[in-house]
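The structure appears below as structure tokens.
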Amino acid sequence: MTRKQKGIGQTELVKQLQLRNTNMTRETLVKIEAGKQHIKLSQLNGIKHILNVNYEALLTDKDEK
1 MTRKQKGIGQ TELVKQLQLR NTNMTRETLV KIEAGKQHIK LSQLNGIKHI
51 LNVNYEALLT DKDEK
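Counting in full-length UniProt numbering, the sequence shown runs from 1 upward without gaps.
Spelled out as structure tokens, the structure:
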């Protein structure tokens with residue numbers, strides 16, 4: 001499930017990441033989601049834990065399914 005499917009906004013996700021000591025700003029998240037910036041492993045790991053999903057759910061292009 002994606003962030004949107006779970007009903008978590010960008011600001012909320014960034015807050016939760018920062019509480020986990022994962023360096024992320026909302027601007028960075030916007031760029032990552034738009035495909036304009038690469039995600040760092042620590043950020044990907046933090047998002048995986050917050051959304052409680054596996055890496056495949058985060059990395060699979062939803063248009064491929």
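Ideal Cβ positions, reconstructed from N, Cα and C, are used throughout, including at glycine.
As assigned by DSSP and simplified to three states, the class of residue i
| i | result |
| --- | --- |
| residue 57 | helix |
| residue 23 | coil |
| residue 52 | coil |
| residue 16 | helix |
| residue 8 | coil |
| residue 31 | helix |
Nearest residue (CA-CA) to residue i, options the options
| i | options | result |
| --- | --- | --- |
| residue 36 | 18, 3, 27 and 43 | 27 |
| residue 46 | 7, 15, 30 and 31 | 15 |
| residue 23 | 6, 38 and 42 | 42 |
| residue 20 | 57, 50 and 5 | 50 |
Close Cβ partners of residue i (< 6 Å) along its chain, the five nearest in sequence each way excluded
| i | result |
| --- | --- |
| residue 64 | Bear in mind that the predicted position of residue 64 carries a pLDDT of just 48, short of 50, making it unreliable; the figure below should be weighed with that in mind. Taken in chain order, the list of residues that qualify is empty. |
Own chain, CB closer than 7 Å to residue i, minus 5 neighbours either side, in chain order
| i | result |
| --- | --- |
| residue 29 | 10, 13 and 14 |
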